[in-house]
Structures are given as structure tokens and as C-alpha cells.
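Colleague: The opening position of the sequence shown corresponds to residue 0 in numbering that gives the first Met the number 0, with each subsequent residue numbered one higher.
Just dropping this structure here.
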Amino acid sequence: MQASPIRIAHPNTVPSNKHETTFWLRGRCRKDIIRLQFPLTLALATTIHKVQGLTLEQIVNMKGGKFNAGQAYVAFSRVKSIEGLHILNFNVSSIVKSDAGDEKMERLKNNLLPSLPQLQCVSLCSNHTTKSLPNVRSINSKLDDIIGDSNIECIVTKLQLPNPSLI
């Protein structure tokens, strides 16, 4: 990632572009009005919780101190590209991971689901419909056929979990 000349000359700044919006004014005087503005949001009013679920062009994170578990991921993953992420005053020790998350990942690794059953397709009418029966072992090896056959509308499966507590 290459920094912009402005960012190199002024490392503690964040570049921002003007945003142009055109409005049509109704009434006696009908004309287009163009508004130029910097699309800024007051940083103190936007917490990590408030941006959860948003997708943003640029983020400036100036947080000091520690993040709660998972907060760094939420904060840093809201931006569309790495070029739009600006982290000031970063300290790697401020990132905290969740022990409960580690335990969950370990449990999932140790209790992997078995391979799915073999795919069986029965053609009901050669130019209309294909029915897929609930037997989809090695479905990955059949994906090209499934994707290439636009007649398949759905695949129904039934899988008995060896350990229902995995859900």
C-alpha cells in the first residue's frame, strides 16, 4: 500500500474529498443548486457500536486505551478498503481477544461434521426438471454439474448430526 503525498508530508492527517450533491429548487425560481461539502461525521458521536453493520468509505480511529473483545474487528472491518482505514495512536496491546471465542473455535474444530452423502440426480423429464434426492456426499465434486444445470431448483438433504449439542 502506497501512501499519498499529502499523507507522507503530514502523517497525522487524514485526506478527505469534497462530495458534490445537486438539488433542483422548486418554486418561482426553478434552478439546480449544487452543494459541496466534506462528508464528515462527528467522531465523538460515532461509537464502535453505532457503526456496527455499516459500510463506510473512510474510517479514522483515534481510540486510546484498550478495545473490548471483538471491538477492534468491528471498528476496522467497517471500511470498504484498506486505503480508507486510518488508525492513529495504535498500540497492538490494545487488541483483546475473547477466551469464549477461542473455546468455541476449538470445539468446532474438534467436532467437525462428517462428509455429506453422495449426490444422486434423477431426470424426470429431459428438458424440464431434475430432482435431486437427499444423498449429497462429495457434493463439491458435483458443483460444476449443479451450477451448469439451470434446471436444478433446489437440493433437499437430511443429515443426522452425531452430536446434537453441536448446534
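We put the CB at the ideal spot given by N, CA and C, even for glycine.
Does the distance from the CB of Val50 to the CB of Arg27 come in under 8 Å?
Modeller: no
Colleague: Which word fits Ala8, buried or exposed, when buried means at least 16 other C-beta atoms lie within 10 angstroms of its C-beta?
Modeller: exposed
Colleague: Rounded to whole angstroms, what's the CA-CA distance from Asn109 to Asn11? Just pull it up for me.
Modeller: 46 Å
Colleague: Taking just the CA atoms, how far does Gln36 sit from Val95?
Modeller: 37 Å
Colleague: Looking only at its own chain, which residues have a Cβ that is under 7 Å from the Cβ of Lys65, when we skip the five neighbours before and after it?
Modeller: Excluding residues within five positions, the ones whose Cβ falls inside 7 Å are Ser93, Val95.
Colleague: For a minimum of 4 consecutive residues, which ranges assigned as the alpha helix (DSSP H) are wholly contained in the region 70-101?
Modeller: As far as the region 70-101 is concerned, its whole alpha helix (DSSP H) runs of at least 4 residues are 70-75.
Colleague: Identify, in the order they occur along the chain, each residue of the same chain with its Cβ nearer than 6 Å to the Cβ of Val13, setting aside the five sequence neighbours on each side.
Modeller: Same-chain partners within the cutoff: Val59, His85.
Colleague: Where does Lys30 fall in DSSP's three states?
Modeller: strand
Colleague: Taking the beta carbon of Cys99 as the centre, do at least 16 other beta carbons fall within 10 Å, making it buried, or is it exposed?
Modeller: With the sequence shown as reference, residue 99 is identified as Ala, and Cys is not the correct amino acid for it. By the Cβ neighbour-count rule, Ala99 is exposed, with fewer than 16 other Cβ atoms within 10 Å of its own.
Colleague: Between the Cα of Gly69 and those of Leu53, Ile47, Ile32, Arg6, spot the shortest distance and give me the residue it belongs to.
Modeller: Taking each of Leu53, Ile47, Ile32, Arg6 in turn and checking the Cα distance to Gly69, the smallest one comes out for Ile47.
Colleague: Going by DSSP, what residue range makes up the beta strand (DSSP E) through Val50?
Modeller: Premise fails: Val50 lies in the alpha helix (DSSP H), 47-50, not in any beta strand (DSSP E).
Colleague: Suppose the cutoff is 8 Å on Cβ atoms and the five residues either side in sequence are ignored; what does the same chain contact list for Leu142 look like?
Modeller: none
Colleague: Less than 8 Å separating the beta-carbons of Glu56 and Lys79?
Modeller: yes
Colleague: Compare the beta carbon distance of Ser15 and Leu39 with 8 Å and say whether it is the shorter of the two.
Modeller: In this structure, Ser15 sits near Leu39, with a CB-CB distance shorter than 8 Å.
Colleague: Mapping DSSP to helix, strand and coil, what is Glu56?
Modeller: Secondary structure of Glu56 (DSSP, three-state): coil.
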